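Numbers in the working numbering are just positions in the sequence shown, counted from 1, shifted up by 188.
Where is the CB? At the ideal position from N, CA and C, for every residue including glycine.
A quick note: this is a predicted structure, and the numbers were derived from the prediction, not measured.
The next block holds one structure in the form of structure tokens; read it before the comments.
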Amino acid sequence: MIILGVALLSGSLLIGTWIGTLLGDLLGVDANVGGVGIAMLLLILSTNFLVRNGRLKPETSSGISFWSGMYIPIVVAMAATQNVVGAVTAGPVALVAGIAAVIASFALVPVLARVKTPGIDEPVEEFAEVK
Numbered sequence: 189m190i191i192l193g194v195a196l197l198s199g200s201l202l203i204g205t206w207i208g209t210l211l212g213d214l215l216g217v218d219a220n221v222g223g224v225g226i227a228m229l230l231l232i233l234s235t236n237f238l239v240r241n242g243r244l245k246p247e248t249s250s251g252i253s254f255w256s257g258m259y260i261p262i263v264v265a266m267a268a269t270q271n272v273v274g275a276v277t278a279g280p281v282a283l284v285a286g287i288a289a290v291i292a293s294f295a296l297v298p299v300l301a302r303v304k305t306p307g308i309d310e311p312v313e314e315f316a317e318v319k
């Protein structure tokens, strides 16, 4: 059912927000630090787990796909509320962290592209490239 995909996404978001708030508290910042990113990682990991075990039904996957399409506008809206000028003027840590994250992401693309899932010879049809 579509609602199960939305429930999986909602659970990931709640846990990610909670972890992001804890990180903010540990760092002494009165903000959610990386909660949405953590939520997306949790969603990817849980979806991968369900696909590997054959427990992700197409109906559930359509609920996840719908909200995945909404992810970019939501992140843009959340980023617009952040105090970027304050972070940059407070010191170079924000810039260094941002640049390091981008470099790490680019470096991991070829590594992750080579990862194969045992027992799955073809990509999931929903995420396969159109030829």
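Next item on the list: Would you tell me roughly how many angstroms separate the C-alpha atoms of Gly242 and Val194, rounded to the nearest one?
Entry: 18 Å
Checklist line | Nearest-angstrom beta carbon gap, Gly212 and Ala227 [assumed within contact, 8 Å] | finding: Going by Cβ atoms, the distance from Ala227 to Gly212 rounds to 15 Å, so no, they are not a contact pair.
Item checked: Euclidean distance between Cα positions of Ser253 and Ile291 -> 27 Å
Check: Mind checking Thr235: buried by the 16 CB within 10 Å criterion, or exposed?
Finding: buried
Next item on the list: Answer yes or no: do Gly199 and Gly222 have a C-beta to C-beta separation smaller than 8 Å?
Entry: no
Item checked: Neighbour-count burial assignment, Asn271, 16 or more Cβ in a 10 Å radius -> exposed
Checklist line | Any C-beta of chain C under 8 Å from that of Gly199 | finding: Among the chains in the structure shown there is no chain C, since it carries only a single protein chain.
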